[in-house]
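Only one structure is covered here, and it is reproduced in the block below.
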Amino acid sequence: MIDKWKLSRFWRLSLGLLLLGMGQRLLYTGAVSPWAMDRGLPVLLLMLSLVALVVGLALILPLVSWFYKLHRSDKRLPKLILLYLLSATLVGLVIGGIGQLLYDHTSFAYAAVQTGVWATSTIIQSVLKLILCFGLTSIHKNLPIRQRRNYLWLPIVGVVLVSICLILLNYWIPTVGSVLVSLTDALVLIFTLYYFTYLVKETSHETTS
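Using my numbering, you'd call the opening residue of the sequence shown number 9 and step up by one each time.
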């Protein structure tokens, strides 16, 4: 049976991630969406977004502090976080640069290039976040990371397929799709953490790298 205290941490993290996802989407919608402007909703949406962001951070930050204090002696933790940040930044720069080149030197319309950049970035960033979650749960369970990378393939396929479906939905129904992208991104993170923490069982021969 899963320890109740551990499970409470998991659900606090889950709620925090959902609130952050909702807050980011409401902030974007309230600030720049013509739909919100036409209905006089920017102020209301901005207030709701701030509440969601503050509550989400209030739930997540204590858990981040707890995790860091628990595993700060593990040398893999700073390496993993640094690698994720560098990879995410590099991917953003490369995709943005390719998009700019396509717009400047081809006949592609700006909207088409923007959609392509967003779609590619969404898929790759989702995969990077999945790998980060895998690394963090491996550290938390005191397990090797590289030797267990075979566990990544099924979740990666699932994340890519979900991302593609959301991209298509956002293309066909922008208003609904954009909201679902934010919420589903948080749900994917939650399921990924749950999958690697509780569903993937370590074998007897696995040792910490």
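In this text, a Cβ means the ideal position worked out from N, Cα and C, and glycines have one as well.
Looking at the secondary structure, which residues open and close the alpha helix (DSSP H) in which residue i lies?
i      : result
Val121 : 118 to 148
Can residue i and residue j be called in contact, C-beta distance under 9 angstroms?
i      : j      : result
Ser73  : Gly31  : no
Ile153 : Arg84  : yes
Arg33  : Ser190 : yes
Asp23  : Leu65  : Checking the sequence shown, residue 23 turns out to be Leu, not Asp. Taking 9 angstroms as the Cβ cut-off, Leu23 and Leu65 do not qualify as a contacting pair.
Gly124 : Leu110 : yes
Ile68  : Leu25  : yes
Phe142 : Phe204 : yes
Arg156 : Leu71  : no
Gly107 : Val121 : yes
Leu188 : Asn178 : yes
Thr114 : Pro163 : no
Glu210 : Leu160 : no
Ser171 : Ser134 : yes
Consult DSSP for residue i and reduce its assignment to one of helix, strand or coil.
i      : result
Thr205 : helix
Thr192 : helix
Pro152 : coil
Thr97  : helix
Ile181 : coil
Arg17  : helix
Asp82  : coil
Thr114 : coil
Gly166 : helix
Ala39  : In this prediction, Ala39 scores a pLDDT of 48, lower than 50, which makes its location untrustworthy; no coordinate-derived value is stated.
Gly104 : helix
Thr200 : helix
Is there contact here, the region 145 to 152 with the region 192 to 199, by at least three beta-carbon pairs under 8 angstroms?
no
Report task. Could you tell me whether the region 93 to 101 touches the region 115 to 134, using the rule of 3 or more Cβ pairs below 8 angstroms? Result -> yes
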